[in-house]
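> Take the sequence shown: its letters are residues 539 to 751, numbered as in the working numbering. There's a structure below that I have some questions on.
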Amino acid sequence: MPEDEKTLRKLICEIGKELYKHQYAIASDGNISAKLNDRYILITPTGKCKGKLVESDLIKMDIETGSTVESKLSPSIEYRLHLFSYRKNNGIRCIIHAHPPFTTTCAVSGLSMTEFILPEVAIYIGKVPLVSYENPGSIKLAESVSEKLRNFRAVLMANHGIVVTGDNLWQTYFNLERLEFAFKVLYLSKLLGKVNTIELAKIEKMLKESNTP
């Protein structure tokens with residue numbers, strides 16, 4: 539096995555442990571994938587706890603055909619969501635789908651991040667839209683999310699959770715953390731009865747002056 543594949547397998551397992559440790563993906567919930575090259579991705583299997591993954595659990599899939607390579611395990615039920623997203627968006631290098639408590643609470647309540655309440659979200663992620671509920675693993679969900687990911691780095695799924703994309707796995711995981719904190723703040727601000735948003739002109743000025751993409 540090439541060293542780059544070994545390294546990526548190890549990294550996905552590390553990210554899985556972080557998701558499980560912080561209860562962003564409990565039991566066997568959630569899924570992770572990353573591009574190995576322009577042809578293949580590595581994706582987590584169905585039915586496996588993300589905190590207990592081993593490198594051999596990860597499944598190599600052909601992005602275009604969806605076929606698996608030398609694996610006795612089945613890919614995540616959300617494999618279509620991952621494949622559709624890579625096919626439509628060449629810039630995506632990795633995808634994390636998880637169910638962080640406050641983020642998922644807001645998804646159940648119909649709250650998205652279409653206005654900015656924290657500067658870090660504006661800098662690192664941008665707006666986070668909400669797509670309507672479709673059953674997990676369905677083609678409709680895969681189409682809906684992958685289409686949104688043409689223009690956004692993260693997408694909330696109603697009554698389900700969130701999908702976050704990025705250039706590398708740690709960046710993507712940290713953006714998931716940022717969003718969970720932001721949705722927690724949004725939830726608590728709603729309880730207090732007032733949510734103050736940042737003026738768009740100030741956001742635009744900040745983004746123009748920032749060196750962070």
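We treat Cβ as the ideally placed atom computed from N, Cα and C, and that holds for glycine.
1) Measure the CB-CB distance between N575 and S614 and report whether it falls below 8 Å.
2) According to DSSP, what are the bridge partners of C632?
3) Which two residues bound the contiguous alpha helix (DSSP H) that contains D542?
4) Which complete beta strand (DSSP E) runs does the region 559–625 hold, if anything under 3 residues is left out?
5) Which stretch, first to last residue, makes up the beta strand (DSSP E) that contains V693?
6) Which whole-angstrom value describes the C-beta separation of P674 and E718, a residue pair presumed to lie in contact below a C-beta threshold of 8 Å?
7) So T652 is in the alpha helix (DSSP H); what residue range does that whole segment cover?
8) With distances taken from CA atoms, which of K544, N713 and E685 is nearest V592?
9) Using only the alpha-carbon positions, how far apart do D567 and G704 sit?
Answer, in terms of the structure:
1) For this step, residue 575 is matched to residue 37 along the sequence shown. For this step, residue 614 is matched to residue 76 along the sequence shown. Contact flag unset, no.
2) Position 94 of the sequence shown, counting from 1, holds the residue named residue 632. Looking at the DSSP assignment, C632 forms a beta bridge with A572 and G704.
3) Residue mapping note: residue 542 aligns to position 4 of the sequence shown, counting from 1. Its alpha helix (DSSP H) spans residues E541 to K559.
4) 569–573, 578–581 and 597–600
5) As a position in the sequence shown, residue 693 is number 155, starting the count at 1. Here the beta strand (DSSP E) through V693 covers A692 to M695.
6) In the sequence shown, counting from the first residue as 1, residue 674 sits at position 136. In the sequence shown, counting from the first residue as 1, residue 718 sits at position 180. So it is not a contact: roughly 20 Å between Cβ atoms.
7) Within the sequence shown, residue 652 is the residue found at index 114, counting from 1. First-last for T652: undefined, no H or E at that position.
8) One-based indexing of the sequence shown puts residue 592 at position 54. Checking every option, the nearest Cα to that of V592 belongs to K544.
9) Counting from one through the sequence shown, the residue named residue 567 turns up at place 29. Counting from one through the sequence shown, the residue named residue 704 turns up at place 166. Distance between the alpha carbons of D567 and G704 is about 20 Å.
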